[in-house]
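**Student:** Below is a structure I'd like to ask you about.
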Amino acid sequence: MKAAEIRQTFLKFFESKGHQIVASSPVVPGDDPTLLFTNAGMNQFKDVFLGFDKRAYSRATTSQKCIRAGGKHNDLDNVGYTARHHTFFEMLGNFSFGDYFKHDAISYAWELLTTKFMLPAEKLWVTVYAEDDEAYEIWNKVVGVPAERIVRIGDNKGGRYMSDNFWMMGDTGPCGPCTEIFYDHGPDVAGGPPGSPNEDGDRYIEIWNNVFMQFNRTEDGVMHRLPKPSVDTGMGLERLAAVLQHVHSNYEIDTFVALLAAAKAAVDSSGAQDCDKDSASLKVIADHIRACSFTIVDGVIPGNEGRGYVLRRIARRAIRHGYKLGARTPFFHKIVAELVNQMGEAYPELRQAQARVTEVLKQEEERFFQTIANGMEILEAALVEMGKSGSTVFDGDTAFKLHDTYGFPADLTADVCRERGVTVDQAGFEAAMTRQREQARAAGKFKMAAGLEYKGQPTAFHGYEHLVCESSKVTAVYVD
Ligand code: ATP
Ligand code: MG
Ligand code: MG
Ligand code: MG
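Heads up: the sequence shown runs through residues 1 to 480, numbered per the UniProt record's numbering.
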């Protein structure tokens, strides 16, 4: 089953259960300052859950464009390295606004997976919030999942409601206990079942989360009961497609096979010599073209702050990976056409914006390739000087200056140095970085928007390389 067919089957199934099919909302949330990008299907229904907004329907189903590259749910650093994480992905969801609750949500999910998508029941594992006996009983007694494949997940992450099975949209907003469905990809892949010490592997992959929305968490941390218990679910289309297409990684599904081929062709036609088709870099590029294109479709342009800054960071990360593979001229924008082929039908706004998206990315690439060219000139000059002195250790201060002042990524410096048999003085680099960070801290902090605190220099912003995303606890982020 191709991704497009899976999307339709999901929506039609829930339509047959009385759900209204609702279009995806944009990846840029309308008027929610707590959100950088739409990170879940429920975002567009937030006010309905909270009781502030009413719809003509009490059941809805969507295929939602999501981006998780910042904020509470940030998967940027996983991309290209796990089989299951993207920056942009499609979340299939069904929603009950004070209509059905746990029993029907669980029964629908099971019916769809085992009778429409025909997944073998014995490959499915489920988790429930530790205290949620009701959900446990439904899985065990009503659906018939044996106890050994139902895992209770407690609050082992540092306090009440910190569990993986207590879902929150962000630090505030609707939230509640959840039950998740995992698919076992089999013993050929490393990783343990949910709740085990090595659960983070790619063997048991979470495919679907059913959240029982019951609370609104306010800034003071207080949980207020929602007017009506509701249901919010999210299933990663790409992860389900991997299961249904009998492949292990999301990057092997139809959509990604096509995007990876387009990415390789683009990189090769821009200076690389038959780059490695299996490299993680190519996966990063194939992933990032979706996040970049869909954010541009919704009106974001690369810039130095807010969403534009995140877009720039993702785009430059992709470009950097292309450079690593051997591209020397703009290539990234060339992949947009294939993306439109793959997703233009489901998301007509993408096809409509194709020319604009291509142009915006091309301009960003031209700019960044110039940055890379300038950086290379400085780097080469420094290497020549070093050669004269006979040193094989590249000065950490210079590496930092390249990164900080010229926007030349540190790992690119390291790559080039490695090719010349030179190592970078990492300690010197770190020391320069620490000095810089202390100066920045002294200069103060600034808030981009509620819930998203960027620590950087408010007056002399040096660009993308100083982003510190509070919730991901990353202290410094290069364009890597
Ligand atoms: P994981 O634990 O694998 O990071 P999650 O628990 O953060 O996933 P949820 O917030 O529960 O994910 O989102 C609902 C569903 O969306 C997941 O069950 C998964 O199928 C899908 N999903 C979540 N994050 C991603 C991602 N970065 N890329 C692709 N699909 C994702
Ligand atoms: Mg996650
Ligand atoms: Mg999870
Ligand atoms: Mg989850």
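From the three backbone atoms N, C-alpha and C, an ideal C-beta is built for every residue, glycine too.
Within 10 angstroms of the Cβ of Ser196, are there 16 or more other Cβ atoms? Answer buried if so, exposed if not.
**Tutor:** As a working mapping, residue 196 is identified with position 196 in the sequence shown. Its Cβ having fewer than 16 others within 10 Å, Ser196 is exposed.
**Student:** Pick helix, strand or coil for Asp232, following the three-state DSSP scheme.
**Tutor:** Here residue 232 corresponds to residue number 232 of the sequence shown, with the count starting at 1. Note: Asp232 maps to strand in three-state DSSP.
**Student:** With burial defined as no fewer than 16 other Cβ atoms inside 10 Å of the residue's Cβ, what is the status of Val284: buried or exposed?
**Tutor:** Here residue 284 is taken as the residue at index 284 of the sequence shown, counted from 1. The residue in question, Val284, is buried, as its Cβ has 16 or more Cβ neighbours within 10 Å.
**Student:** Beta-carbon within less than 7 angstroms of Gly154's beta-carbon, same chain only, minus the 5 sequence neighbours each way: which residues are those?
**Tutor:** Counting from one through the sequence shown, the residue named residue 154 turns up at place 154. Closer than 7 angstroms at the Cβ level, and outside the excluded window around Gly154, lie Ala130 and Ser163.
**Student:** Out of Asn39, Val22, Lys2 and Ile6, which one is the CA nearest neighbour of Ala291?
**Tutor:** Numbered from its first residue, the sequence shown carries residue 291 at position 291. If we check each option's Cα against that of Ala291, Asn39 comes out closest.
**Student:** If you run the structure through DSSP and keep just helix, strand and coil, what is Val128?
**Tutor:** Position 128 of the sequence shown, counted from the first residue, corresponds to residue 128. Strand, per DSSP.
**Student:** Less than 7 angstroms between C-beta atoms, sequence neighbours within five positions excluded: which residues of the same chain meet that for residue 484?
**Tutor:** Residue coverage of the chain in this structure runs from 1 to 480, which leaves residue 484 outside it and unanswerable.
**Student:** From Ser16 to Asn94, what distance separates their C-alpha atoms?
**Tutor:** Within the sequence shown, residue 16 is the residue found at index 16, counting from 1. Within the sequence shown, residue 94 is the residue found at index 94, counting from 1. Their backbone Cα atoms lie some 12 angstroms apart in a straight line.
**Student:** Between Ala315 and the rest of its own chain, which residues show a CB-CB distance below 8 angstroms, the 5 nearest in sequence each way excluded?
**Tutor:** Within the sequence shown, residue 315 is the residue found at index 315, counting from 1. Within the same chain, Ala315 has close Cβ partners His288, Cys292, Pro302, Phe332, Leu361, Glu364, Glu365 and Phe368.
**Student:** Quick check on DSSP: helix, strand or coil for Phe212?
**Tutor:** On the sequence shown, residue 212 is found 212 positions in, with the first residue counted as 1. In this structure, Phe212 counts as strand in the three-state DSSP scheme.
**Student:** Pro193 and Trp139 - do their beta-carbons sit closer together than 7 angstroms?
**Tutor:** The count along the sequence shown starts at 1 and reaches residue 139 at position 139. The count along the sequence shown starts at 1 and reaches residue 193 at position 193. The answer is no: Cβ separation not under 7 angstroms.
**Student:** Whole angstroms are fine: how far does the CA of Thr87 sit from the CA of His246?
**Tutor:** What you label residue 246 is simply residue 246 of the sequence shown in a count that begins at 1. What you label residue 87 is simply residue 87 of the sequence shown in a count that begins at 1. Taking the straight line from one Cα to the other gives about 23 angstroms.
**Student:** What residues in its chain sit with their C-beta under 6 angstroms from that of Gly234, if we drop five residues either side in the sequence?
**Tutor:** Residue numbering aside, residue 234 sits at position 234 when the sequence shown is read from its first letter. These residues qualify, in order along the chain: Ala40, Gly41, Met91, Gly93 and Asn209.
**Student:** Can you grab the Cα-Cα spacing for the pair Gln354 / Phe294, in whole Å?
**Tutor:** Locating residue 354 in the sequence shown gives position 354, counting from the first residue. Locating residue 294 in the sequence shown gives position 294, counting from the first residue. Each residue's Cα considered, the two are about 10 angstroms apart.
**Student:** If you reduce the DSSP assignment to three classes, tell me which class Cys275 lands in.
**Tutor:** Indexing the sequence shown from 1 puts residue 275 at position 275. DSSP places Cys275 in coil when its eight states are reduced to three.
**Student:** What distance in whole Å lies between the Cβ atoms of Asn250 and Arg84, which are believed to be in contact at a cut-off of 8 angstroms?
**Tutor:** Locating residue 84 in the sequence shown gives position 84, counting from the first residue. Locating residue 250 in the sequence shown gives position 250, counting from the first residue. So it is a contact: roughly 6 angstroms between Cβ atoms.
**Student:** Going by DSSP, what residues sit across from Asn94 in a beta bridge?
**Tutor:** Looking up residue 94 in the sequence shown gives position 94. Beta-bridge pairing links Asn94 to Thr61.
**Student:** Identify, in the order they occur along the chain, each residue of the same chain with its Cβ nearer than 8 angstroms to the Cβ of Glu134, setting aside the five sequence neighbours on each side.
**Tutor:** In the sequence shown, the residue the question calls residue 134 occupies position 134. The residues are Lys102.
**Student:** Am I right that Ala3 and Thr255 are in contact with their C-beta atoms under 8 angstroms? What's the rounded C-beta distance?
**Tutor:** The sequence position of residue 3 within the sequence shown is 3, counting from 1. The sequence position of residue 255 within the sequence shown is 255, counting from 1. Contact flag correct, Cβ pair sits at about 5 angstroms.
**Student:** Starting from Gly387 and walking both ways along the alpha helix (DSSP H), at which residues does that stretch end?
**Tutor:** Counting from 1 along the sequence shown, the entry for residue 387 is found at position 387. First-last of the alpha helix (DSSP H) with Gly387: Gln354 to Ser389.
**Student:** Assign Ala105 to one of two classes, buried (16 or more other C-beta atoms within 10 Å of its C-beta) or exposed (fewer than that).
**Tutor:** For the purposes of this step, residue 105 is taken as the residue at position 105 of the sequence shown. Buried, because 16 or more other Cβ atoms sit within 10 Å of the Cβ of Ala105.
**Student:** Using alpha carbons as the reference points, say which of Thr114, Ala190 and Lys401 lies closest to Arg435.
**Tutor:** The sequence position of residue 435 within the sequence shown is 435, counting from 1. Arg435 has its Cα closest to that of Lys401, out of Thr114, Ala190 and Lys401.
**Student:** Can you tell me whether Met168 is helix, strand or coil according to DSSP?
**Tutor:** In the sequence shown, the residue the question calls residue 168 occupies position 168. The answer is strand: DSSP assigns Met168 an E or B state.
**Student:** Check this for me: beta carbons of Phe49 and Pro229, under 7 angstroms apart or not?
**Tutor:** The residue given as residue 49 occupies position 49 in the sequence shown. The residue given as residue 229 occupies position 229 in the sequence shown. Against a cut-off of 7 angstroms, the Cβ pair of Pro229 and Phe49 comes out as no contact.
**Student:** Check the DSSP bridge columns for Met223 and list the partner residues they point to.
**Tutor:** Along the sequence shown, read from residue 1 onward, the residue named residue 223 stands at position 223. Partner(s): Arg217.
**Student:** Here's the rule I'm using: 16 or more other beta-carbon atoms within 10 Å means buried, otherwise exposed. How should Glu180 be labelled?
**Tutor:** The residue given as residue 180 occupies position 180 in the sequence shown. Its Cβ being crowded by 16 or more others within 10 Å, Glu180 is buried.
**Student:** Would you tell me roughly how many angstroms separate the C-alpha atoms of Val27 and Gly375, rounded to the nearest one?
**Tutor:** Residue mapping note: residue 27 aligns to position 27 of the sequence shown, counting from 1. Residue mapping note: residue 375 aligns to position 375 of the sequence shown, counting from 1. Approximately 34 angstroms between the Cα atoms of the pair.
**Student:** Taking 6 angstroms as the cut-off, is the CB of Asn250 close to at least one heavy atom of ligand 4?
**Tutor:** As a first step, residue 250 must be located in the sequence shown, where it is residue number 250. Asn250: no, Cβ never under 6 angstroms from ligand 4.
**Student:** If you follow the beta strand (DSSP E) that Tyr183 is in, where does it begin and where does it stop?
**Tutor:** What you label residue 183 is simply residue 183 of the sequence shown in a count that begins at 1. Taken as a continuous stretch (DSSP letters only), the beta strand (DSSP E) holding Tyr183 covers Gly173 to Asp184.
**Student:** Is the Cβ-Cβ distance between His320 and Pro409 less than 7 angstroms?
**Tutor:** As a position in the sequence shown, residue 320 is number 320, starting the count at 1. As a position in the sequence shown, residue 409 is number 409, starting the count at 1. The residue asked about is misnamed: residue 320 is Arg in this sequence, not His. It is a contact, given that the beta carbons lie within the stated cut-off.
**Student:** In whole angstroms, what separates the C-alpha of Phe429 from that of Leu412?
**Tutor:** Working through the sequence shown from its first residue, we reach residue 429 at position 429. Working through the sequence shown from its first residue, we reach residue 412 at position 412. Between Phe429 and Leu412, the C-alpha separation is close to 14 angstroms.
**Student:** Pull up the DSSP beta-bridge partners for Val393, would you.
**Tutor:** Mapped onto the sequence shown, residue 393 falls at position 393. According to DSSP, which records beta bridges pairwise, Val393 is partnered with Thr423.
**Student:** Give me, in chain order, the residues of the same chain whose beta-carbon lies closer than 6 angstroms to that of Thr398; leave out the 5 immediate sequence neighbours on both sides.
**Tutor:** One-based indexing of the sequence shown puts residue 398 at position 398. Answer for Thr398: Ala382, listed in chain order.
**Student:** Taking the alpha-carbon positions, what's the Gly98 to Asn304 distance?
**Tutor:** Position 98 of the sequence shown, counted from the first residue, corresponds to residue 98. Position 304 of the sequence shown, counted from the first residue, corresponds to residue 304. Cα to Cα, Gly98 sits roughly 42 angstroms from Asn304.
**Student:** Please confirm whether any heavy atom of ligand 3 lies closer than 6 angstroms to the CB of Asp184.
**Tutor:** If you number the sequence shown from 1, residue 184 lands on position 184. It does not: the Cβ of Asp184 is nowhere closer than 6 angstroms to a heavy atom of ligand 3.
**Student:** Residues in its own chain within less than 8 angstroms of Asp31 by CB, not counting five upstream and five downstream?
**Tutor:** In the sequence shown, residue 31 corresponds to position 31, counting from 1. No residues qualify anywhere along the chain.
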